[in-house]
Amino acid sequence: MKYVLITGVSKGLGKALAKAFLYASYGVIGISRTGDQELEEEAKKNGKPFTFLSWDLTKIESLEDLVSQILSLLPKECEELVFIHNAGEMQPVTEIKNLTAPDIHHNFLLNTISPLALTSAFLRRFSTTSIPLQMVFISSRSVVAPRKLWAVYGAAKASIDHFAQSLALEYRGKKSFHVLVIHPPAMDTEMRKRYLKKRSWFFWFLDWISVHILRQKKVYHPDLVAWKILYLIEKKSLPSGSVWRWE
Ligand SMILES: NC(=O)c1ccc[n+]([C@@H]2O[C@H](COP(=O)([O-])OP(=O)(O)OC[C@H]3O[C@@H](n4cnc5c(N)ncnc54)[C@H](OP(=O)(O)O)[C@@H]3O)[C@@H](O)[C@H]2O)c1
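Written out as structure tokens, the structure reads:
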């Protein structure tokens, strides 16, 4: 059986990915601080293994322990592993002059340092196996199209893109290792809701008009995006190190 490891599995895109992979007959290992009952039920319905690990990924000193737990959960007969770094946070959303060092630090911890350190710790141990591995990084369009007030988020995600491409370079020629970066579209998730709450009432109103009335702005259901990502991962038609953008 193929397995997928998803960070940020409790809601939004991570939860949608977990449901799609369960449906596609993968065993799923999900990581986030809180769990989700619906995923447990979905796994039972599909008769596929789902294991949830409650972990705060910003506690970077504990990531080696997390790797040990993950490896102990992977069965010997695992045919292939997909590792999706999805957990992320957009805050602080503010002008650069209003940023505080602790806010910047927290954003980079979750969006950048944690996935980098987790990848490194994971590869140190996983490289001794012969299981094919696909490493997928969920990034953001803001890397190539900077947005006002998103400076920290965009900078943190830009580091991810660079890291993923360097990773692909290091493993170039190794057929059993593949790296992909995804820039999803705007999705109707709690992250987006939290972002809108931080903006003015007028901004929220303009956004609503632009999405629901004028239909100038597209905001997608995370399930739809998850199925597209699953398709890209299964197809493996993009070269390792590619950045895939939802246009
Ligand atoms: N929404 C969008 O429009 C959009 C667009 C482009 C890219 N993205 C990217 O897509 C990814 C998913 O976003 P989303 O919209 O689905 O966000 P979301 O609804 O806020 O979900 C974020 C997930 O990350 C987990 N998480 C947050 N902090 C964590 C921590 N310290 N330790 C472990 N897990 C943590 C959350 O679980 P717990 O709270 O239970 O820990 C949750 O499962 C992110 O990388 C985001 O940057 C989103």
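Letter 235 of the sequence shown, counting from 1, is numbered 924 in our numbering, and no numbers are missing.
Every residue, glycine too, gets a C-beta built ideally from N, C-alpha and C.
Among all the DSSP beta bridges, which residues are the ones paired with residue i?
i, result
"SER931", "LEU869"
"PHE741", "GLY719"
"GLU769", "LYS691"
How many angstroms separate the CA atom of residue i from the CA atom of residue j?
i, j, result
"ARG888", "HIS794", "22 Å"
"PRO738", "SER803", "26 Å"
"PRO911", "LYS708", "11 Å"
"PHE710", "LEU807", "22 Å"
"ARG722", "LYS863", "34 Å"
"GLN758", "CYS767", "16 Å"
"LYS837", "ASN735", "43 Å"
"SER829", "PRO874", "8 Å"
"ASP745", "GLY719", "12 Å"
"ALA713", "SER929", "22 Å"
"GLU769", "MET690", "8 Å"
"GLN823", "PHE866", "6 Å"
"SER855", "LEU788", "29 Å"
"ARG861", "PHE892", "45 Å"
"ALA844", "PRO791", "16 Å"
"SER743", "LYS765", "23 Å"
"TRP933", "LEU752", "28 Å"
"TYR909", "VAL717", "24 Å"
"MET876", "ALA732", "24 Å"
"LYS886", "GLU879", "10 Å"
"LYS907", "ILE871", "17 Å"
"LEU913", "GLY697", "17 Å"
"PHE815", "PRO821", "10 Å"
Which word fits residue i, buried or exposed, when buried means at least 16 other C-beta atoms lie within 10 angstroms of its C-beta?
i, result
"ASN775", "buried"
"ILE902", "exposed"
"GLU858", "Note that residue 858 is Leu in the sequence shown, not Glu. Burial call: exposed."
"ILE785", "exposed"
"LEU760", "exposed"
"ALA834", "exposed"
"ASP725", "buried"
"LYS748", "exposed"
"THR817", "exposed"
"SER699", "buried"
"PHE894", "exposed"
"LYS925", "exposed"
"TYR692", "buried"
"TYR920", "exposed"
"TRP839", "buried"
Identify whether residue i lies in helix, strand or coil by the three-state DSSP scheme.
i, result
"ILE695", "strand"
"ILE902", "helix"
"HIS774", "strand"
"LEU788", "coil"
"MET876", "strand"
"VAL825", "strand"
"TYR909", "strand"
"GLU730", "helix"
"GLN854", "helix"
"GLU936", "coil"
"PRO804", "helix"
"ILE820", "coil"
Legend entry - Touching by the beta-carbon criterion (3+ pairs, under 8 Å), the segment 844-855 and the segment 897-907: Contact annotation: the segment 844-855 does not touch the segment 897-907, with fewer than three C-beta pairs closer than 8 Å.
Legend entry - At least three beta-carbon pairs within less than 8 Å, the segment 779-788 to the segment 698-705: A contact between stretches requires three or more CB pairs, one per stretch, nearer than 8 Å, and the segment 779-788 fails this requirement with the segment 698-705.
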